[in-house]
Structures are given as C-alpha cells and as structure tokens.
Amino acid sequence: PCWSDPETARTAIQNILEILKKNPDKKVIVLDVNDNGGYCECEACLKAVNGKRTMHGLRNYSELYWKWVNAVAKGVTEKYPDMVFKAIAYREVAMPPSFKLHPNVLMSLTLEIASLNDPVCREMNLKRVRDWQEKSSIIGIGDYVHDILQFWFPRIQFTSHSRNLSELVRKYGVLSYSTEGPGATVFHGPQAQLILKVLWNPDLDVEAFLEDWCEHAVGRKAAPYLREYYKLWEDYWKGEDIRKTAWYASVHNIYMQLGECNSHTFALKKGDMKKFRALMEKVVTNAETPKQKKRALVLMQAFEYSELAAAAAFSEIFTPEGQLRSAEDALELVKAIPASLRARDKLAKHPLLQFRAGKSAKGLFDAADASIGRIIPFLKDKRIREQVENLADDSAVPLMLRAQFKIWLGAKAKNLIENGSFEQDKPAMMPLWMPRLNGIRDTRHVSDGRYSFRTGNGYYRIRPKIEPGKTYLLLCDVYIEKGSGEGRFTTKTGPCRGKTPVNWIRVDSVPSGGSWNTFSSVVSSNREGVDNLDIQIYFQKFEQDEPVWIDNIRLYCLDDLVQNSKQPGNPAKKGENDMNLRKNKLATTVLAATASAVILAAGDLPKELEGIPKEEIKEVTQYIYGPKVNDPEASAKGKTVAKVFPANAKKYGGVNMGVYNKKYDEMTKKVIAWSRPKIIDEKYHWYKIRRTSNEAAVPQDTPHNTVIYLEDWKIGARLPNTITGKFDCWVLVKAEGPLYVDGSTKENKVYLSRVLLVPVK
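What follows is the structure in structure tokens.
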C-alpha cells in the first residue's frame with residue numbers, strides 16, 4: 016500500500032477488525048512487508064524517503080512503514096487491547112525509525128545468527144539489535160538456518176549457534192524467534208531440536224544434549240564417532256579457510272548467499288572426505304540394535320550425498336579461493352574429471368536430492384564445468400594438454416563438455432561478443448546500476464590483442480543474442496597486480512525472453528594476483544522464446560584505488576561447434592562415430608541440452624520406418640523436457656522423462672499427443688499434429704502423432720517455437736529453430752497404471768524416451 020496515504024491504514028484497521036470478529040481467538044496479526052521491494056514511489060512517499068539508504072544500500076522506507084504499523088496497531092487495540100502485531104525489519108524497512116513503536120508491536124529483526132561468528136559482522140549486527148531495543152518493546156529475530164535445501168554440505172553450527180541464540184535471549188531480551196529452515200531431514204542432525212531446546216532454556220548444557228542425542232540415535236558405542244563427525248563439520252564452517260571462499264563474502268548481507276553452487280565446498284583440504292567417511296563407517300559398524308543400525312545407515316546416506324557433491328565439484332583440489340596452486344593441481348583436476356562424471360551420475364539419483372531447491376543438481380554440475388576452466392592457463396604443460404585432448408575425443412564424456420575442451424584446444428568458433436577484446440574504441444559492455452562506465456581502454460596488461468579494459472569496483476552488462484535449446488560457453492580473462500584475497504569477480508548469466516530472465520547462473524571467483532585469470536561459465540535454456548543472454552559482470556570488494564583489467568570476453572555456441580565438426584571435410588576423430596550410439600547419461604543434468612538434431616545411427620525403429628534410409632530420420636530426443644527418471648526398460652538411446660497422474664484420475668486409456676506451433680507474441684497455437692492412441696499394455700511402443708493435414712508443417716519463422724507434447728504439456732520435446740518443413744513425428748512411449756491399462760496396480764505414469772522426425776516428401 017501507499018504508506019503516505021492515511022486511508023490505507025484505515026482500510027487495514029477495518030479489514031483486521033472484520034477478521035477478528037470472525038476469529039475471536041486470534042492472538043497475533045502479521046503486518047510483514049513483501050520481499051524484493053516494489054514499494055510505493057508516489058511523490059509523497061519519495062519525499063518522505065528523501066534519498067535515505069539502509070545499511071545495505073536500499074531505499075529506507077522505515078519512517079513511513081513503522082509509522083503506518085503504529086497507526087494500525089493503535090486503531091485495532093482500541094477494541095482489542097491485547098492483540099500483538101508482528102512485523103519484520105527487513106530490507107527497505109530494516110532500520111529503526113526515529114520514534115518508538117506501539118507497545119503491542121513485535122518487531123522481528125531479520126538476522127542470520129551465524130554472521131555473529133564473524134568479528135566485524137558481530138559488532139555491526141549486535142549494534143542493530145541494541146538500536147532496536149531503544150525503539151521496540153518486543154524484540155524478535157528472524158533467522159536463516161538453511162540446510163540441504165541450499166547447501167551441499169551439512170552446515171553444522173550446534174555450539175556457536177546455541178551460544179549466540181542464548182546470548183540474544185538472555186542479554187538482549189529477544190522474546191520471539193523464527194527461522195527459514197532447517198528442513199525435515201537428517202542432513203543437519205539435531206539442529207532444529209537444539210534450537211527449540213535453547214529457546215526453552217537459554218542455559219542448556221549443549222554438549223550434554225548432543226552426546227545424549229547421538230547416543231539415542233546410534234547407541235553408546237557408535238555415539239562418540241557421530242559426535243566427532245559433527246565436530247569436524249562445525250570446525251569446517253567456522254574455520255579460516257571458509258572465510259576465504261567466494262561464498263563467505265556474503266556474510267555482510269541480510270543472509271548469506273543461498274543457492275550457491277560450489278564455492279562453499281572449497282574449504283575442504285585433501286583427505287577431509289576420507290576422515291568424514293572413516294568416522295561414519297565406525298558409526299555404522301558400532302551401531303547395535305536394529306533401530307540404531309537403520310538410523311546409522313540413514314546418516315551414512317546423508318554423508319554420501321555430500322561426498323558425491325564434493326567429488327563432482329573437485330572440492331578437495333581447489334584452494335578456498337577456487338584457484339589451482341600449480342600445474343600438478345591442474346593435472347590432478349583433469350584426471351579427476353571421469354570420477355566427477357561418475358559422481359554426478361550417482362548424485363543425480365540420490366534420494367536426498369528431492370529436498371534440494373529445484374530438486375536438481377544441475378547448478379552444481381554447471382558450476383563444476385565452469386571451474387574446470389581453471390586449467391586453461393596450464394594447457395602449455397604437455398601432460399595436461401594430452402589429458403584434455405583424450406577427454407575431447409572420449410565418447411563417454413558428455414558432448415557439450417567435449418565441445419568445451421575443443422574450444423580450449425583451439426577449435427575455431429564464432430565469438431558472439433562484439434568487441435570482446437576491446438580493440439575497437441567503442442564499449443563492449445554497458446554500465447549496470449551505474450550512471451556510466453567506470454573504466455577505460457588500456458594497454459598496460461593485455462590478454463588478447465593490443466587493448467584491455469581497466470576498471471575497479473563496478474557492475475557491467477552485455478546482452479548478446481542466443482537461441483533456445485542451445486548451450487553456450489562464456490569465457491573472460493581478469494588480471495589484478497596483487498591478490499589480496501578480498502576482491503571478488505562474479506558473472507551472472509540469465510537466458511531471457513526479451514528483458515525477462517527465465518533463470519540465473521551465478522559464478523563467484525577470487526582472482527589471484529600477478530597473472531591472467533580465465534573464468535568460465537556454461538549456460539543453456541530449453542525454455543521457449545529465449546532470444547538473448549543477460550551477462551552481468553561484477554567487480555566487488557577490491558581496494559578503492561585497486562585497478563582490475565578484463566579482456567578477451569567471448570561467448571561460444573557449443574552446439575554450433577559440434578554441428579560444424581560433423582560437416583563434410585571434417586573427418587571424425589577417434590570415437591566420434593559412436594558418440595551418438597551411447598546414452599549420454601549426464602546430458603540432461605549437466606548441461607540441459609545437447610546438439611541440434613542428429614542423424615539416426617542405430618537402435619530399434621518403428622516397423623513403418625524400416626524401409627527409410629537412416630540418414631533421413633532425425634533424432635531429436637536430446638530436446639526432451641520434463642522430470643528425468645531412471646527407467647531400466649527405457650531405450651538405451653534416449654533421455655527418459657515421466658509424467659505422474661493421481662491415483663484417482665478419471666480413466667481414459669489413451670495418451671494425448673500433439674505437435675503445436677506456439678506464437679508467444681500473439682499467444683496463439685497452431686496444431687500441426689495430434690493423436691490419442693489406445694494403450695494396450697505397459698511396455699514401450701512407437702506411436703505416430705498424425706498430422707492434421709497434408710500441408711501441416713513446422714514453419715520457417717525464427718524462432719518458430721514448435722513443441723511436441725504429451726499429457727498436459729508436462730513432458731515433451733522442443734524443436735530447435737534449425738528444423739523446419741513437413742515431418743511425420745514418432746515417439747517411443749510407455750504408459751502404466753489403471754488410468755491407461757485395465758487391472759493395473761502400478762502408479763499412473765507416462766514415460767517418454769525417444770522422438771523421431773521423418774521428412775515428408
């Protein structure tokens with residue numbers, strides 16, 4: 016609402032009184048602000064803000080908001096004097112106003128308690144609490160204790176969090192506590208229960224509680240090993256190395272960075288995971304009763320989730336800053352790539368992944384692929400180059416990763432960034448959140464050509480054109496003369512429809528001094544309508560007068576490289592001919608999309624297609640979208656996805672199939688083909704999606720946004736813009752459950768494994 020308009024407070028009072036009339040037992044009214052801003056910018060509101068900013072640089076609406084809260088509380092308590100009004104001090108309203116709050120207002124200060132372990136943040140945040148003590152009679156804390164939802168390692172903080180929470184309750188009079196997380200898994204052990212215990216008794220003997228919990232969980236003999244396991248993880252999160260990571264730079268924020276993909280794992284030392292595993296194996300071995308043994312195995316499973324993530328991300332090889340110390344480390348990293356790929360395959364199937372935000376490990380896998388780029392400066396080492404050459408020709412390596420290696424090795428590809436080496440006297444980047452470019456062309460340090468761009472702390476943007484369904488590799492070189500360990504370089508890449516991003520990929524890095532750092536990021540999107548990539552480049556936390564150079568910004572389409580390598584005159588290298596015969600198990604989880612439509616080379620075909628030359632049949636299985644499943648009966652060629660229906664869904668026996676051309680600018684759909692074949696059993700069969708007429712075709716417009724779909728658009732395939740014309744479409748589908756097959760006792764589910772297109776002559 017407009018907090019400057021008194022009518023909004025009167026309306027709120029009236030609405031609350033109506034609510035309380037219908038719910039007389041209600042004790043608390045919540046007046047929390049929305050997330051992500053969006054507050055009124057009328058002349059009166061902006062005049063009241065008067066250019067003031069919060070400690071985090073946001074517009075300070077505190078005077079307006081808390082005055083409005085007071086007015087609402089005053090109006091309602093005239094009839095309900097004991098009613099409490101809870102409101103969060105967050106973002107634009109986080110600063111205390113100049114006046115005291117109504118005595119019935121519960122101010123909940125958003126504060127990640129873990130930040131109190133940082134000496135600088137501790138004093139800053141405790142001062143915030145003290146400042147609010149002067150304004151509010153009832154103080155609460157809105158904490159952030161995220162676990163498996165956001166982190167790959169268990170963020171154990173039993174003793175430190177309990178100590179800080181106890182201090183806030185006893186010394187600062189905190190009467191209310193809420194938190195985001197921890198979730199309902201064993202990933203964080205007894206963290207949730209411990210928080211509740213401390214709130215009930217701030218003088219709780221935390222160590223005695225933890226020992227008792229471990230003993231009840233896995234038994235007296237196994238308990239010491241479990242307690243030691245948790246101690247090691249707590250040491251990890253409060254140690255010196257974690258403070259050197261790119262993730263830790265967010266400690267000054269309202270909450271530390273969420274959804275961070277890999278840099279929070281880089282504080283591991285070589286051999287750490289073996290220590291963790293040894294302790295957990297002793298927990299499993301020493302558990303005695305059946306229930307203890309079962310709990311021990313569940314806890315081991317939680318550890319293995321982190322173990323796989325560490326292997327996938329090369330966590331023990333990188334320095335905390337995300338760098339490689341030497342050519343030996345670079346060689347170790349290259350040799351670890353096959354193990355990383357195997358770990359990714361296992362992690363993608365791990366049962367705890369369903370509790371991760373997005374229920375996917377794609378962000379970790381993309382970040383791992385980007386971090387492999389740290390070996391680029393070491394490619395002059397013959398041992399490393401040979402390893403990369405072998406991987407580039409290894410058909411067991413995902414196609415897009417192989418394409419990435421080929422670019423490193425010198426394969427010709429078009430740079431989609433105009434003037435990425437700053438050779439022309441015109442800007443390659445535009446300012447982001449700044450009135451102008453904070454820097455100039457320079458020749459002092461150069462990575463490519465004669466010029467680079469010298470800057471300092473600043474924010475920049477580039478918006479090149481891209482196509483949906485394709486995968487892109489972003490590379491850029493950064494130089495600083497002295498590495499303080501404080502400066503941060505970040506890229507955020509977001510595939511966009513127009514100016515609207517459909518997702519973001521963030522890579523945080525700590526550049527080393529005295530040499531060029533090459534940073535990379537891999538981005539893809541199968542979302543329809545995507546036409547450009549928002550590349551945001553951040554230089555942050557460098558010294559005020561510290562120069563930073565950036566050069567050789569390049570963006571390559573990996574799909575185009577793969578496609579060009581197969582054109583006549585480009586003979587296939589070793590293993591090239593069979594790379595499409597194997598199921599690329601990681602294509603959907605690592606890079607989301609593979610190359611453009613490929614010629615069918617092998618595999619079972621529909622009988623109706625047996626007389627058609629294989630080179631005329633196009634496989635577009637790689638463009639399938641939907642929840643990926645591991646189905647043993649699936650075709651070895653395909654990517655298998657599934658749509659699940661409720662058990663009580665109305666029976667109809669057939670699967671809806673269609674091919675639609677969707678015009679987003681007009682929001683119209685044109686049916687190209689449609690079928691609803693009868694399902695006869697619960698096995699895979701080929702089905703033809705019948706064209707609506709002899710003239711029905713995939714249009715030549717670019718982008719044409721043509722989608723093959725099954726069952727309410729939940730699973731299907733999105734055709735790349737390179738495919739146009741008249742086609743017959745065949746899909747390899749299996750349907751299970753009583754919705755489709757009489758008498759079935761299985762779950763109602765439709766599987767899509769392969770998609771073929773056959774040109775109509």
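When the letters of the sequence shown are read in order and numbered with my numbering, they come out as residues 16 to 776. Positions of the beta carbon are idealized from the N, C-alpha and C atoms, including for glycine.
- In the structure shown, R310 falls within a helical segment according to DSSP collapsed to helix, strand and coil.
- Of the candidates D523, R185 and W18, W18 places its Cα closest to the Cα of A59.
- In this structure, the straight-line span from the alpha carbon of E243 to that of D250 is close to 10 Å.
- With 16 or more other Cβ atoms inside 10 Å of its own Cβ, Q419 counts as buried.
- Contact between Y699 and L772 is ruled out by a C-beta separation of about 19 Å, above the 8 Å threshold.
- Residue E543 holds the alpha-carbon nearest to the alpha-carbon of T721 among E543, V656 and Q307.
- For V538, the closest of E496, A326, Y553 and Y487 by C-alpha to C-alpha distance is Y487.
- Around the beta carbon of K377, a 10 Å sphere encloses 16 or more other beta carbons of the protein chains shown; the residue is thus reported as buried.
- The three-state secondary structure of C276, taken from DSSP, is coil.
- S410 and Q402 have their C-alpha atoms some 14 Å from each other.
- Nearest in C-alpha terms to E710, of all of P692, T739, L431 and V461, is T739.
- With a minimum length of 4 residues, the unbroken runs of alpha helix (DSSP H) contained wholly in the stretch 124-206 fall at 134-148 and 173-185.
- Around the beta carbon of C744, a 10 Å sphere encloses 16 or more other beta carbons of the protein chains shown; the residue is thus reported as buried.
- Closest in C-alpha terms to T200, from the list P169, D227 and K514, comes P169.
- Remark: C-beta atoms of T505 and Q559 do not approach each other more closely than 8 Å.
- In the displayed model, P392 falls within a helix according to three-state DSSP.
- In this model, H117 and M110 are separated by some 16 Å (Cα to Cα).
- Note: K42 is not bridge-paired with any residue in the DSSP secondary-structure output.
- Three or more beta-carbon pairs separated by less than 8 Å link the stretch 212-226 to the stretch 164-179, which places the two stretches in contact.
- Below 8 Å, enough C-beta pairs join the stretch 29-47 and the stretch 84-103 to call them touching: three or more.
- The residues C229, V233 and V298, in chain order, have a CB closer than 6 Å to that of L241 in the same chain once the five nearest residues on each side in sequence are set aside.
- For L35, the closest of P112, K514 and T92 by C-alpha to C-alpha distance is T92.
- Taking the C-beta atoms as reference points, A750 is found no nearer than 8 Å to Y640.
- V517 has its alpha-carbon roughly 18 Å from the corresponding atom of I552.
- Taking 8 Å as the cut-off, the beta carbon of Y571 is found closer than this to the beta carbon of N430.
- Segment contact: the stretch 432-445 against the stretch 453-469, three or more CB-CB distances shorter than 8 Å; contact assigned.
- Residue nearest to Y675 within the set H719, V656, E634 and I269 is H719 (criterion: CA-CA distance).
- Judged by DSSP secondary structure, F742 falls within the beta strand (DSSP E) whose first and last residues are F742 to E751.
- In terms of CA proximity to I163, S375 leads the group S375, D546 and L339.
- DSSP places C511 inside the beta strand (DSSP E), whose first and last residues are R503 to R512.
- Secondary structure note for V765: it is in no alpha helix (DSSP H), and the uninterrupted beta strand (DSSP E) holding it is K764 to P774.
- Residue burial annotation: W564 is buried, with at least 16 other C-beta atoms found within 10 angstroms of its C-beta.
- One Cα belongs to N75, the other to K82, and the distance between them is close to 13 Å.
- Scanning the stretch 686-748 from its first residue to its last, the whole beta strand (DSSP E) runs of 3-plus residues come out as 700-704, 721-725 and 730-733.
- Between the stretch 201-208 and the stretch 282-291 there are fewer than three C-beta pairs closer than 8 Å, too few to call the two in contact.
- Collapsing the DSSP output to three states places P446 in a strand.
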